[in-house]
Amino acid sequence: MEAVFQRVPGVLRSVSGYSGGKTENPTYEAICSHGTGHAEVIQVEFDPAVISYEKVLEIFFESHDPTTLNRQGADEGDQYRSVIFYHNEDQHKAAGRANLAAQAHHDDPIVTEIVPLTKFWRAEDYHQNYFNQHPNQGYCAFVIKPKVHKLQSKGIIKE
1 MEAVFQRVPG VLRSVSGYSG GKTENPTYEA ICSHGTGHAE VIQVEFDPAV
51 ISYEKVLEIF FESHDPTTLN RQGADEGDQY RSVIFYHNED QHKAAGRANL
101 AAQAHHDDPI VTEIVPLTKF WRAEDYHQNY FNQHPNQGYC AFVIKPKVHK
151 LQSKGIIKE
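At position 74 of the sequence shown the residue is numbered 74 (the working numbering), and the sequence of numbers has no breaks.
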């Protein structure tokens with residue numbers, strides 16, 4: 001998701017991290033053990049004069065399969081759950097509307113959680129800007145690159 005949002009006009013920053021769990025200062029290794037409750041997430045900072053929160057949510061739903069519980073592609077576990085962490089009631093309502101709108105494009109029910117943000121933990125430095133730094137790494141080449149190209153071909157994100 002970081003690679004997708006880095007290519008969205010109006011997005012100022014996309015930071016990889018963890019949220020939604022009970023463990024303080026989680027690490028990648030800890031969340032992969034499935035005991036922290038955290039999800040792998042990104043924090044998106046955007047310019048509302050260029051892109052609306054509603055458009056950010058639309059891209060979020062277009063960028064992944066929100067109908068698979070605790071899974072994204074071959075990645076499986078609660079850290080891969082589809083989740084939106086909102087900052088305020090306006091974002092909460094917008095996320096609910098976006099969820100309903102996205103459901104019209106899926107036969108299976110959307111399982112995306114919509115919950116208040118309590119704390120965002122920035123991921124380790126080696127997770128930041130991962131796709132841009134490792135475009136030929138297996139996961140990047142076979143999972144992220146096709147996703148980015150699909151969204152570029154639809155005009156959703158820039159080249």
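Quick reminder that beta carbons are idealized off the backbone N, C-alpha and C, glycines included.
Remember, predicted model here, so these are calculated numbers, not experimental data.
Quiz item: Can you list, in chain order, the stretches of the alpha helix (DSSP H) that have 4 or more residues and sit fully within the segment 29 to 100?
Solution: 53 to 62
Practice problem: Could you tell me whether the segment 86 to 97 touches the segment 125 to 140, using the rule of 3 or more Cβ pairs below 8 Å? | Solution: no
Self-check item: Outcome for residue 50 when other beta-carbon atoms lying within 10 angstroms are tallied against a minimum of 16
Solution: exposed
Self-check item: Cβ neighbour criterion (16 or more within 10 Å) applied to residue 38
Solution: buried
Quiz item: Of all the options 97, 34, 56, 104, which has the alpha carbon lying nearest to the alpha carbon of residue 79?
Solution: 34
Quiz item: Taking C-beta to C-beta, are residue 77 and residue 41 nearer than 8 Å?
Solution: no
Quiz item: At a cut-off of 7 Å, is residue 62 close to the ligand GDP when judged by its beta-carbon and the heavy atoms of the ligand?
Solution: Among the components modelled here there is no ligand, and therefore nothing to report on the ligand GDP.
Quiz prompt | Expected contact under 8 Å - CB spacing of residue 13 and residue 148 to nearest Å | solution = In fact, because the Cβ distance is near 18 Å, the residues do not count as touching under 8 Å.
Quiz item: So what's residue 159 in DSSP terms, helix, strand or just coil?
Solution: coil
Quiz item: CA-CA distance, residue 28 and residue 105?
Solution: 32 Å
Quiz item: Straight-line CA distance for residue 91 to residue 52?
Solution: 11 Å
Exercise. From the DSSP output, read off the bridge partner residues of residue 18.
Key: 40, 121
Self-check item: As assigned by DSSP and simplified to three states, the class of residue 116
Solution: strand
Quiz item: Who does residue 13 pair with in a DSSP beta bridge?
Solution: 45
Practice problem: Over the uninterrupted alpha helix (DSSP H) stretch that includes residue 160, give me the two end residues. | Solution: Because residue 160 is not part of the residues shown, which for the chain are 1 to 159, the question remains open.
Practice problem: Could you check which residue in 133, 20, 156, 111 has the C-alpha nearest to that of residue 82? | Solution: 111
Quiz item: For residue 141, does the count of other Cβ atoms within 10 angstroms reach 16, so buried, or fall short, so exposed?
Solution: exposed
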